[in-house]
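With the first letter of the sequence shown counted as 1, position 26 gets the number 31 in the working numbering; the numbers rise by one all the way through.
Ideal Cβ positions, reconstructed from N, Cα and C, are used throughout, including at glycine.
Data block below; observations after.
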Amino acid sequence: YSPDLAPSDCFLFPNLKKRLGGKRFANNEEVEFAVDGYFEELDDSHYKQDIETIEHRWEKCIELKGDYVEK
6 YSPDLAPSDC FLFPNLKKRL GGKRFANNEE VEFAVDGYFE ELDDSHYKQD
56 IETIEHRWEK CIELKGDYVE K
């Protein structure tokens with residue numbers, strides 16, 4: 006496991022948290038509906054940049070032999 010390559014780096018969860026923050030849901034179905042709606046509104050460009058940069062991040066991690074480095 007490498008925290009610098011964690012899936013959350015794709016900014017899915019922080020943005021989802023902002024979108025749903027402070028809202029109350031009566032049941033799980035309402036939560037699922039809200040989350041599904043969030044992801045359905047995202048277009049491919051939302052993911053494109055992160056996917057394109059992951060190769061560089063992998064290479065950096067390999068080059069540093071997994072050592073942690075600040076940005």
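Item: Backbone CA spacing between Asp48 and Asn20 [nearest angstrom]; Value: 14 Å
Item: 8 Å contact criterion, which Tyr43 and Arg24 should meet: CB distance rounded; Value: 5 Å
Item: Where Lys53 falls: helix, strand or coil (DSSP); Value: helix
Item: Euclidean distance between Cα positions of Lys70 and Arg62; Value: 12 Å
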